[in-house]
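*Asks:* Residues in the sequence shown are numbered consecutively from 11, following my numbering.
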Amino acid sequence: RDGEPSSLHGHMEPAGATAAADSQAQLRAPKATGDEVAAPLRLPYRLRVGLPLLVAGDLALLAVAHLSTGAVTKISGQAPFGLLSAHIVSEDNLISAAQRLFEAHAWVCLGIVVLLSGLWPYVKLLATSVVVAMLDTGSISMDRAQLRLQVLEAFGKYSFADVFLTCANCVIFDITTNGSYKILGLFKLEINIWMELRFACAALIIAVTISVFLTHWALYELQSMEQHAVENVADPAALEAPRGGESDVDPEDTRITGSLDSTDLRDWSYPRIITLVSAILGFVLLLIGIFCPVVIVNRGGFLGNLIRPEEDRILNLSILTICLRMISSTGANIWSNILVFAFFATLCVAPLLEYLLLAAYALPWRRRGRSAKIYTCAEWAHSFGCVEILLITGAAIVFELHTVVEFNLGDECAPFASIMNDKALLSLAGLGFAASSSCFDPEPSFAGGSVVLLAAVAARCTAWRGSLAVRDAEKRD
Numbered sequence: 011r012d013g014e015p016s017s018l019h020g021h022m023e024p025a026g027a028t029a030a031a032d033s034q035a036q037l038r039a040p041k042a043t044g045d046e047v048a049a050p051l052r053l054p055y056r057l058r059v060g061l062p063l064l065v066a067g068d069l070a071l072l073a074v075a076h077l078s079t080g081a082v083t084k085i086s087g088q089a090p091f092g093l094l095s096a097h098i099v100s101e102d103n104l105i106s107a108a109q110r111l112f113e114a115h116a117w118v119c120l121g122i123v124v125l126l127s128g129l130w131p132y133v134k135l136l137a138t139s140v141v142v143a144m145l146d147t148g149s150i151s152m153d154r155a156q157l158r159l160q161v162l163e164a165f166g167k168y169s170f171a172d173v174f175l176t177c178a179n180c181v182i183f184d185i186t187t188n189g190s191y192k193i194l195g196l197f198k199l200e201i202n203i204w205m206e207l208r209f210a211c212a213a214l215i216i217a218v219t220i221s222v223f224l225t226h227w228a229l230y231e232l233q234s235m236e237q238h239a240v241e242n243v244a245d246p247a248a249l250e251a252p253r254g255g256e257s258d259v260d261p262e263d264t265r266i267t268g269s270l271d272s273t274d275l276r277d278w279s280y281p282r283i284i285t286l287v288s289a290i291l292g293f294v295l296l297l298i299g300i301f302c303p304v305v306i307v308n309r310g311g312f313l314g315n316l317i318r319p320e321e322d323r324i325l326n327l328s329i330l331t332i333c334l335r336m337i338s339s340t341g342a343n344i345w346s347n348i349l350v351f352a353f354f355a356t357l358c359v360a361p362l363l364e365y366l367l368l369a370a371y372a373l374p375w376r377r378r379g380r381s382a383k384i385y386t387c388a389e390w391a392h393s394f395g396c397v398e399i400l401l402i403t404g405a406a407i408v409f410e411l412h413t414v415v416e417f418n419l420g421d422e423c424a425p426f427a428s429i430m431n432d433k434a435l436l437s438l439a440g441l442g443f444a445a446s447s448s449c450f451d452p453e454p455s456f457a458g459g460s461v462v463l464l465a466a467v468a469a470r471c472t473a474w475r476g477s478l479a480v481r482d483a484e485k486r487d
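(1) Would you list the one or two residues that DSSP bridges to ASN326?
(2) Taking the C-alpha atoms as reference points, what is the distance between ILE429 and TRP204?
(3) Count the other C-beta atoms from every protein chain shown that fall within 10 angstroms of the C-beta of ASP277, then say buried if there are 16 or more, exposed otherwise.
(4) Mind checking who ALA81 pairs with in its DSSP beta bridge?
(5) Can you give me the start and stop residues for the beta strand (DSSP E) that PHE456 sits inside?
(6) Are there 16 or more other CB atoms within 10 angstroms of the CB of ASP482, so buried, or fewer, so exposed?
(7) I'd like the list of long-range same chain contacts for LEU207, defined as Cβ closer than 6 Å, with 5 residues on each side in sequence excluded.
(8) Is ALA35 helix, strand or coil when you go by DSSP?
(9) ARG110 to GLY148, Cα distance in whole Å?
(10) Touching or not, the region 135-142 and the region 97-116, by the rule of three or more beta carbon pairs under 8 Å?
(11) Under a three-way DSSP split, which group does SER346 fall into?
(12) Please confirm whether LEU357 and ALA473 have their CB atoms less than 9 Å apart.
(13) Do ALA96 and LYS198 count as a contact pair if the criterion is CB distance below 9 Å?
(14) CB-CB under 7 Å to ILE402, same chain, minus the five flanking residues each way: which ones, in chain order?
(15) Distance check for LEU373 and LEU77, CA to CA, integer angstroms please.
(16) Taking the C-alpha atoms as reference points, what is the distance between LEU232 and GLN156?
(17) Assess contact between the region 309-317 and the region 183-192, defined as three or more Cβ pairs (one per stretch) separated by less than 8 Å. Is contact present?
(18) For VAL305, count neighbouring Cβ atoms within 10 angstroms of its own Cβ and tell me buried if that reaches 16, exposed if not.
(19) Specify the secondary structure class of HIS115 as computed by DSSP and reduced to three states.
(20) Starting from the C-beta of VAL118, find all residues in its chain whose C-beta is less than 8 Å away, skip the five residues before and the five after it, and write them out in chain order.
(21) Please report how far the alpha carbon of TYR371 lies from the alpha carbon of SER234, in whole angstroms.
(22) Please work out which residues of its chain come closer than 8 Å, Cβ to Cβ, to LEU64, disregarding the five sequence neighbours upstream and downstream, and give them in chain order.
(23) Select from LEU334, GLY87 and CYS449 the residue whose C-alpha is nearest the C-alpha of ILE300.
(24) Given this structure, state the Cα-to-Cα distance separating VAL123 from CYS177, to the nearest angstrom.
(25) What is the rounded straight-line gap between the Cα of LEU286 and the Cα of GLU163?
(26) Assign ILE300 to one of three DSSP states: helix, strand, or coil.
(27) What first and last residue would you give for the beta strand (DSSP E) that runs through LYS192?
(28) Can you give me the C-alpha to C-alpha distance between GLY310 and ALA342, rounded to a whole angstrom?
(29) For the 8 Å Cβ check, are there 3 or more pairs between the region 388-395 and the region 452-459?
(30) To the nearest angstrom, report how far apart LEU325 and VAL415 are at their CA atoms.
(31) Using a threshold of 9 Å, state whether the C-beta atoms of ALA116 and THR413 are closer than that.
(32) Tell me the rounded alpha-carbon separation between ALA212 and CYS180.
(33) Between the C-alpha atoms of VAL161 and ALA382, what's the straight-line distance to the nearest angstrom?
(34) What did DSSP end up calling GLY87 once you bin it into helix, strand or coil?
(35) Quick one: what's got a C-beta closer than 6 Å to CYS302's C-beta in the same chain, skipping five residues either side?
(36) Among CYS387, VAL467, TYR230 and PHE183, which residue has its Cα nearest to the Cα of SER100?
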């Protein structure tokens, strides 16, 4: 890596135990340039053996999630003359969902389901394992291995998009009359439509989470190896283990505290100020954005007009609203609750923690070791923060919600086709307000929350750029 101490490529013979010297020699393997091949590194056993085993297990879990039924749309209720009976509207796994989305010409949703949720997790897991194996055999250099893992990690969390789309659909297509309408005092009309999630949905979110973890873990292990090599070469005496007696290090110097006494205001610089301000601004914006609707859906059509209470016909889909509505929906179960937990964790907990860690990193800590640990924790939080993925999902809903109505409901309004647009007849039955030429006609639009969350993402990007400048300055020091 450019800027590394030149002694890293030398043939220094540090003092210390033989095992430490051997390990150091492995870490000082030359880099591959052009057609050169890097000498094999001695990777940790947990990475050489543990990573392929975990990747294999996660691939199996992904296959189960994709081939099993993930969601079932059901309908129940009653209608005059037996026009309605309880039955299953549809049940889908990845393959059947992709086929029906293709037939509905929902191209953005099809891309999310097939590419981001279907193919990409397999490619990322296999690529992560291959990169580590190539480094282990000396086929690529440490720098190239880290660069490839960073690219894989940057795009890894986009697989969460399908999970977010499923959560939004569960809320949008939760249609209920909350009891029955009385028609002419003789008949009743009650309609309940809901999505019921199965184990496959929970398996998918778990598999995607493990996939994100494995790629970042591999990258973290390689960065730790490189950092350890740089520190040992810079200070060869650090390899000598004390053989007894008191340590030369003052315990006071190693004591970690959270007090601001550990900062030095003279060390403030523009990158630190930019990082701190951006991180705090992003934190505040995200807190506001959690409560603000990202998308507003006005549920119209015959079924939409029958929804009670009337205020539920308009959905203000914010992060918090989606969580609460999924928990209280007709199809709520343990699998949907797992999705709610993952939805909240990736859109609230991880991003908020990331902002706090970036703000803490901007402080001029006297102990550089503490600063490095904070930066590492911020990187871990960043891997699971998915605010920008929610914005992509929101765009898919706005542009293609009309096309997925048939995907979710099919021809469920066929029994009512002869009367649902007859306002005079429905008025006699007391249902004139429900008259519509369409079965279910949701009208989505962007709301202010999307702008707030977009600003929060921009603040996060600025904070990371500032933190990289701070880190570069610390390395030069």
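Cβ coordinates follow ideal geometry from the N, Cα and C atoms, glycine included.
*Replies:* Judging by the given coordinates:
(1) Residue 326 sits at position 316 when you count from the first residue of the sequence shown. ILE306.
(2) Locating residue 429 in the sequence shown gives position 419, where the first residue counts as 1. Locating residue 204 in the sequence shown gives position 194, where the first residue counts as 1. Spanning the two alpha carbons is a distance of roughly 23 Å.
(3) Your numbering for residue 277 matches position 267 in the sequence shown. Per the 10 Å Cβ criterion, exposed.
(4) Position 71 of the sequence shown, counted from the first residue, corresponds to residue 81. ALA81 pairs with ASP102 and LEU207.
(5) By 1-based counting over the sequence shown, the position of residue 456 is 446. First-last of the beta strand (DSSP E) with PHE456: 451-456.
(6) As a working mapping, residue 482 is identified with position 472 in the sequence shown. Under this definition ASP482 is an exposed residue.
(7) Residue mapping note: residue 207 aligns to position 197 of the sequence shown, counting from 1. These residues qualify, in order along the chain: ALA81, TRP345 and SER346.
(8) Here residue 35 corresponds to residue number 25 of the sequence shown, with the count starting at 1. Note on ALA35: pLDDT 45, under 50, position unreliable in the model; the coordinate value appears next. Reduced to three states, the DSSP call for ALA35 is helix.
(9) Stepping through the sequence shown from its first residue, residue 110 is reached at position 100. Stepping through the sequence shown from its first residue, residue 148 is reached at position 138. Cα-Cα distance, rounded: 46 Å.
(10) no
(11) As a working mapping, residue 346 is identified with position 336 in the sequence shown. Here SER346 sits in helix by DSSP.
(12) The residue given as residue 357 occupies position 347 in the sequence shown. The residue given as residue 473 occupies position 463 in the sequence shown. Contact: no.
(13) Position 188 of the sequence shown holds residue 198. Position 86 of the sequence shown holds residue 96. Going by C-beta atoms, LYS198 is not nearer than 9 Å to ALA96.
(14) Here residue 402 refers to the residue found at position 392 when the sequence shown is read from its first residue. Contacts found: ALA171.
(15) Taking the sequence shown and counting its residues from 1, the one referred to as residue 77 is at position 67. Taking the sequence shown and counting its residues from 1, the one referred to as residue 373 is at position 363. Taking the straight line joining both Cα atoms gives about 49 Å.
(16) Counted from its first residue, the sequence shown places residue 232 at position 222. Counted from its first residue, the sequence shown places residue 156 at position 146. Approximately 7 Å, taken between the alpha carbons.
(17) yes
(18) On the sequence shown, position 295 is the one that residue 305 refers to. With 16 or more other Cβ atoms within 10 Å, it is buried.
(19) By 1-based counting over the sequence shown, the position of residue 115 is 105. If DSSP states are grouped into helix, strand and coil, HIS115 belongs with coil.
(20) Mapped onto the sequence shown, residue 118 falls at position 108. Taken in chain order, the residues that qualify are ALA405, ALA406, PHE409 and GLU410.
(21) The sequence position of residue 371 within the sequence shown is 361, counting from 1. The sequence position of residue 234 within the sequence shown is 224, counting from 1. Cα to Cα, the separation comes out at about 18 Å.
(22) Stepping through the sequence shown from its first residue, residue 64 is reached at position 54. If we look at LEU64 and ignore the five residues flanking it on each side, its Cβ neighbours are ILE220 and LEU224.
(23) To locate residue 300, count along the sequence shown from 1; it is residue 290. Among LEU334, GLY87 and CYS449, the Cα nearest to that of ILE300 belongs to LEU334.
(24) Residue numbering aside, residue 123 sits at position 113 when the sequence shown is read from its first letter. Residue numbering aside, residue 177 sits at position 167 when the sequence shown is read from its first letter. Their Cα atoms are separated by approximately 13 Å.
(25) Here residue 286 refers to the residue found at position 276 when the sequence shown is read from its first residue. Here residue 163 refers to the residue found at position 153 when the sequence shown is read from its first residue. Cα to Cα, the separation comes out at about 25 Å.
(26) Here residue 300 refers to the residue found at position 290 when the sequence shown is read from its first residue. Looking at ILE300 - three-state DSSP - the assignment turns out to be helix.
(27) Sequence index remark: in the sequence shown, residue 192 carries index 182 (1-based). Looking at the DSSP string, the run of the beta strand (DSSP E) that includes LYS192 is 191-193.
(28) Counted from its first residue, the sequence shown places residue 310 at position 300. Counted from its first residue, the sequence shown places residue 342 at position 332. So the two alpha carbons sit approximately 24 Å from each other.
(29) no
(30) Residue numbering aside, residue 325 sits at position 315 when the sequence shown is read from its first letter. Residue numbering aside, residue 415 sits at position 405 when the sequence shown is read from its first letter. Answer to the nearest angstrom: the Cα atoms are 16 Å apart.
(31) The residue labelled residue 116 in the question sits at position 106 within the sequence shown. The residue labelled residue 413 in the question sits at position 403 within the sequence shown. Yes, Cβ-Cβ distance for ALA116 and THR413 is below 9 Å.
(32) Numbered from its first residue, the sequence shown carries residue 212 at position 202. Numbered from its first residue, the sequence shown carries residue 180 at position 170. Spanning the two alpha carbons is a distance of roughly 14 Å.
(33) The residue given as residue 161 occupies position 151 in the sequence shown. The residue given as residue 382 occupies position 372 in the sequence shown. Answer to the nearest angstrom: the Cα atoms are 22 Å apart.
(34) Taking the first residue of the sequence shown as position 1, residue 87 is located at position 77. In the structure shown, GLY87 sits in a strand (DSSP, three-state: E or B).
(35) If you number the sequence shown from 1, residue 302 lands on position 292. Once the five neighbours on either side are set aside, the close Cβ partners of CYS302 are SER328, GLY458, GLY459 and VAL462.
(36) Working through the sequence shown from its first residue, we reach residue 100 at position 90. Selected option, being the one with the closest Cα: PHE183.
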